[in-house]
Ligand code: KIV
Ligand code: NA
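In UniProt numbering, the protein residues as written are 18 to 281.
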């Protein structure tokens, strides 16, 4: 199989094609999603919520995300593997961003990194790009800035739409090969995609972006609780697993497992 490269995503946009991204935090799901045709895997800092049990992505560290990244990159044969730069691991300076990004490529096996923020991080994006690290920018609702943004809310409404376009252009100008938008009005996201040469990826950003991304535990229904409006659930893994584990518990309690065929 041929590895998906950054230029393939650019070519997809030029041809008017769409591509997919899905989060993954471990080798087994990475292999399944890769074989199912997902083009890009995101080792998201949403691992904070979905793997490590934190209430937000804010506590996630580089040392926590690195082994997950290595697991995903080692298992993905085709997909381009993008990893999040955790909160606090890049903001201070372009040097800090390059240092962290290089670790994720060298030690984590990632092919690209993602950072949250706009034009003010253009120097960081430029430094990483020049160092040989492909960069994805993340605009709109940026979970690492939850406290500054005043909670989970749609960004880029009204007057903020033009600022979002300008941030996206600044990231592209600095060398970002892709811009991801989270919880942005469909119209704004489509305007950003139209203004950029590089492809865009959306989550809660409508159908006008080049690609789409979802968190796998949301789209496969493993996580219970309030689902964001932008999630479509393609399976009910919570139900499947609850039923299967319940039958295992009952079988053991009632002596139906193990059977002779499982015994030596
Ligand atoms: O960490 C993550 O899963 C993300 C996506 C929601 C884009 O950043
Ligand atoms: Na993230």
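Quick reminder that beta carbons are idealized off the backbone N, C-alpha and C, glycines included.
Note the first and the last residue of the continuous alpha helix (DSSP H) segment covering residue i.
i: residue 36; result: Run containing residue 36: none in the alpha helix (DSSP H); it sits in the beta strand (DSSP E), 36 to 40.
i: residue 91; result: 79 to 92
i: residue 146; result: 139 to 147
i: residue 116; result: 111 to 123
Looking at the structure shown, is residue i part of a helix, part of a strand, or coil, going by DSSP?
i: residue 129; result: strand
i: residue 157; result: strand
i: residue 26; result: helix
i: residue 199; result: strand
i: residue 260; result: helix
i: residue 65; result: helix
i: residue 101; result: strand
i: residue 168; result: coil
i: residue 237; result: coil
i: residue 76; result: coil
i: residue 179; result: helix
i: residue 271; result: coil
i: residue 266; result: helix
i: residue 50; result: helix
i: residue 18; result: coil
i: residue 277; result: helix
i: residue 163; result: helix
i: residue 248; result: coil
i: residue 108; result: coil
i: residue 188; result: helix
i: residue 254; result: helix
i: residue 243; result: coil
i: residue 174; result: coil
i: residue 213; result: coil
i: residue 31; result: helix
Measuring from the CB of residue i, is there a heavy atom of ligand 1 at a distance below 7 Å?
i: residue 55; result: no
i: residue 75; result: no
i: residue 232; result: yes
i: residue 78; result: no
i: residue 227; result: no
i: residue 26; result: no
i: residue 59; result: yes
i: residue 132; result: no
i: residue 108; result: no
i: residue 40; result: yes
i: residue 197; result: yes
i: residue 155; result: yes
I need the boundaries of the beta strand (DSSP E) containing residue i, first residue and last residue.
i: residue 231; result: 228 to 231
Name, in chain order, the residues that DSSP records as bridge partners for residue i.
i: residue 218; result: 197 and 228
i: residue 152; result: 130
i: residue 59; result: 40 and 99
query: If you measure from each residue's Cβ to the nearest non-hydrogen atom of ligand 2, which ones come out under 5 Å, in chain order?
result: Each of 61, 62 and 101 has a C-beta closer than 5 Å to some heavy atom of ligand 2; these make up the full list, in chain order.
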